[in-house]
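Heads up, the thing below is written out as structure tokens.
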Amino acid sequence: MPPSVKVDVMRFLLLAFFLAVLAPPVLPAWSAPTAAGGETAGASLDSLHKRFDALRQDAKRGALRDNWLRLIEDLNRLSAQSRGNAKARTSFLAARAQEELSHRSFNAQDRIRAIDAYAAVAKNFPKHDLAPSSLYRQAYLLGAILGRTEKAAAVLAALQKNYPRSLAAKDGRALQARLSAGAEPAATRPPAAAARPPAAAAPGQGASSGRKSPVPRNRNGEPAPEDIMEQLGLTVRTIMLDPGHGGKDPGCTANKLVEADFTLDMARRIGPLLTKKGFTVLYTRTDNRFLSLPDRTEMANKKKVDLFISIHLNANPSSAVHGLETYYLNEAKTNEAAKVASRENGVSVRNISDLQFILTDVMLSAKLEESRALAQCVHKAILDSLRAGRWTASDNGVRSAPFHVLMGARMPAILLEFGYASNAREAQNLRTGAFLQRQAEGVAQGIAAYKEQLAKIAR
Ligand SMILES: [Zn+2]
Numbered sequence: 001m002p003p004s005v006k007v008d009v010m011r012f013l014l015l016a017f018f019l020a021v022l023a024p025p026v027l028p029a030w031s032a033p034t035a036a037g038g039e040t041a042g043a044s045l046d047s048l049h050k051r052f053d054a055l056r057q058d059a060k061r062g063a064l065r066d067n068w069l070r071l072i073e074d075l076n077r078l079s080a081q082s083r084g085n086a087k088a089r090t091s092f093l094a095a096r097a098q099e100e101l102s103h104r105s106f107n108a109q110d111r112i113r114a115i116d117a118y119a120a121v122a123k124n125f126p127k128h129d130l131a132p133s134s135l136y137r138q139a140y141l142l143g144a145i146l147g148r149t150e151k152a153a154a155v156l157a158a159l160q161k162n163y164p165r166s167l168a169a170k171d172g173r174a175l176q177a178r179l180s181a182g183a184e185p186a187a188t189r190p191p192a193a194a195a196r197p198p199a200a201a202a203p204g205q206g207a208s209s210g211r212k213s214p215v216p217r218n219r220n221g222e223p224a225p226e227d228i229m230e231q232l233g234l235t236v237r238t239i240m241l242d243p244g245h246g247g248k249d250p251g252c253t254a255n256k257l258v259e260a261d262f263t264l265d266m267a268r269r270i271g272p273l274l275t276k277k278g279f280t281v282l283y284t285r286t287d288n289r290f291l292s293l294p295d296r297t298e299m300a301n302k303k304k305v306d307l308f309i310s311i312h313l314n315a316n317p318s319s320a321v322h323g324l325e326t327y328y329l330n331e332a333k334t335n336e337a338a339k340v341a342s343r344e345n346g347v348s349v350r351n352i353s354d355l356q357f358i359l360t361d362v363m364l365s366a367k368l369e370e371s372r373a374l375a376q377c378v379h380k381a382i383l384d385s386l387r388a389g390r391w392t393a394s395d396n397g398v399r400s401a402p403f404h405v406l407m408g409a410r411m412p413a414i415l416l417e418f419g420y421a422s423n424a425r426e427a428q429n430l431r432t433g434a435f436l437q438r439q440a441e442g443v444a445q446g447i448a449a450y451k452e453q454l455a456k457i458a459r
């Protein structure tokens, strides 16, 4: 089928899909703002408590970020109108709702908001019997979830000092014992020994040795014929590694793993292995800085790299879920893939429908087939490498989903989810250097295999 027909068919199918499946649930949302406002007018703490319980018990509605945000907003509004005991109880419930959201989103910003909310309850209502509980929840989130044991210890010390006879203080002593027993250097920090990428390869800086000059173009702006091979992506010289998240966006956090640290650690392992194989390696970031999703692909386009590899860590509200997933850009074929994309994109699953729709335009320039082939090579090589080292990771397969960070990339681009921080056993592997090194070697081998595959096609 000629490409244009293929594209038309794909557009039609996506449009039909959008109208048939996605549009109806979106419609009621347009009237949501007024509905939400009406809902709150006169809402009592009891009715909001019922909403809180209902959301906690309903896995489907509880999975939607919007539902929690609306509840938190309503609680905060009620708290502002209340006094004394009612105000304390409402504020505490708002903190709990924020915590529940954070256990579902695995978003560190959400965790920090919950920690702040508990701290505010303890500070504003020191005489209330919810104050010690607030300190305990605050310490629990800091220590057991974020792995910030020193900060947690300080909060627990305040709990012992100010409320020694409370039930929360008793729980606090048990938590402190647990944190002290499990205390270990933050496993997610890139090891000091790990080779830092050469400074010259940092984004925005040189590293152009061996790099082709901008593609010469004819009067129509088309590439000159001799560059067609390169334009077709039949060669791989330069690879951009994209450690996901960073700065104000720590990504997902669970079991002492912080995604932003993990992704940087992985990039530092993969980069030198690729250099050894003769590739030029560039990085979207080499320190803990924030970069927007479009900034990342833009960097890759500007540097005209041949491959774009985005590095991530997965999380799921169910702690049983684990395994390796490799993604390329396309519409999500399964709910699970849509959920991973919604988390990485920082939008609700419902908003994914908008991204699916935008895809019809993006797909015109995306290197879909190449990206899929690259994903398959890398995915297989990682599993092979792990197996050779007698590690196991479940094979969740190569999947497609509308990842914002892959949109607009003009080169084959994939997104790696190296495993689930939310699964305790897998998290333990993901904190182990030998396991990560195996995965990094797999990525380098997979990219080399993809390059070989291209060379065969070109011959
Ligand atoms: Zn991520």
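For what it's worth, our numbering labels the leading residue of the sequence shown as 1, then goes sequentially.
No residue lacks a Cβ here, since even glycine has one placed at the ideal position from N, Cα and C.
Predicted model, so just to flag it, every value in this text is computed and none were measured.
Own chain partners of residue i with C-beta closer than 7 Å, once the 5 adjacent residues on each side are dropped
i, result
"Asp-395", "Gly-323, Leu-324, Leu-383"
"Arg-269", "Ala-194, Leu-436, Gln-437, Ala-440"
"Ala-158", "Leu-135"
"Gly-278", "none"
"Asn-316", "Tyr-420, Ser-422"
"Ala-94", "Ile-72, Leu-75, Asn-76, Ser-79, Ala-117"
The beta strand (DSSP E) enclosing residue i, as first and last residue numbers
i, result
"Tyr-163", "No beta strand (DSSP E) holds Tyr-163; DSSP gives it neither H nor E."
"Asp-74", "Counting along the chain, Asp-74 falls outside any beta strand (DSSP E), though it belongs to the alpha helix (DSSP H) covering 65 to 81."
"Pro-402", "That residue, Pro-402, is in no beta strand (DSSP E); it is neither H nor E in DSSP."
"Ala-375", "Careful: Ala-375 lies outside any beta strand (DSSP E), inside the alpha helix (DSSP H) at 368 to 388."
"Thr-280", "280 to 283"
"Thr-90", "Taken as a continuous stretch (DSSP letters only), Thr-90 belongs to no beta strand (DSSP E), being part of the alpha helix (DSSP H) at 84 to 105."
"Leu-241", "238 to 243"
Ligand 1 heavy atom lying under 7 Å from the CB of residue i
i, result
"Leu-55", "no"
"His-312", "yes"
"Glu-259", "yes"
"His-404", "no"
"Gly-397", "no"
"His-49", "no"
"Gly-147", "no"
"Glu-344", "yes"
"Gly-251", "yes"
"Leu-244", "The sequence shown places Gly at residue 244, rather than the Leu named in the question. Yes - ligand 1 has a heavy atom lying nearer than 7 Å to the Cβ of Gly-244."
Host alpha helix (DSSP H) of residue i (start-end)
i, result
"Arg-137", "130 to 140"
"Phe-52", "45 to 57"
"Ala-117", "108 to 124"
"Asp-295", "293 to 302"
"Leu-430", "424 to 430"
Helix, strand or coil at residue i [DSSP, three-state]
i, result
"His-322", "coil"
"Val-258", "strand"
"Glu-331", "coil"
"Ser-310", "strand"
"Val-413", "Reading off the sequence shown, one finds Ala at residue 413, where the question assumed Val. Looking at Ala-413 - three-state DSSP - the assignment turns out to be strand."
"Gly-38", "Unreliable positioning characterises Gly-38 in this predicted model, as indicated by a pLDDT of 37, which lies under 50. A coordinate reading is not provided."
"Thr-253", "strand"
"Asn-288", "coil"
"Asn-316", "coil"
"Val-340", "helix"
"Val-155", "helix"
"Pro-28", "The predicted model places Pro-28 with a pLDDT of 33, which falls under 50 and marks its position as unreliable; any figure quoted below should be read in that light. Helix."
"Val-305", "coil"
"Val-398", "strand"
"Gly-419", "strand"
"Gly-62", "helix"
"Gly-442", "helix"
"Gly-246", "strand"
"Lys-451", "helix"
"Lys-456", "helix"
"Leu-146", "coil"
Nearest-angstrom beta carbon gap, residue j and residue i [assumed within contact, 8 Å]
i, j, result
"Gly-246", "Ala-260", "5 Å"
"Ala-119", "Ala-139", "So it is not a contact: roughly 10 Å between Cβ atoms."
"Leu-101", "Leu-75", "12 Å between Cβ atoms; not a contact."
"Leu-273", "Ala-388", "At roughly 15 Å, the Cβ-Cβ gap does not stay under 8 Å, so Leu-273 and Ala-388 are not in contact."
"Ala-108", "Thr-253", "4 Å"
Cβ neighbours of residue i in the same chain (closer than 6 Å, five flanking residues each side left out)
i, result
"Asn-301", "Arg-410"
"Phe-125", "Ala-88, Ala-131"
"Arg-289", "Gly-246, Gly-247"
"Tyr-328", "Ser-371, Arg-372, Ala-375, Ser-400, Ile-414"
"Ala-337", "Arg-399, Ala-401"
"Asn-330", "Ser-400"
Close-in-space but distant-in-sequence residues of the same chain around residue i (CB under 8 Å, 5 per side omitted)
i, result
"Gly-210", "Low local confidence applies: a pLDDT of 36 at Gly-210 is under 50, so the model's placement there is unreliable, and no value is given."
"Asn-67", "Leu-55, Arg-61"
"Gly-442", "Val-378, Ala-381, Ile-382, Leu-383, Asp-384, Ser-385, Leu-386"
Minimum Cβ-Cβ distance from residue i to chain C less than 8 Å
i, result
"Leu-135", "No chain C is part of this structure, which consists of one protein chain only."
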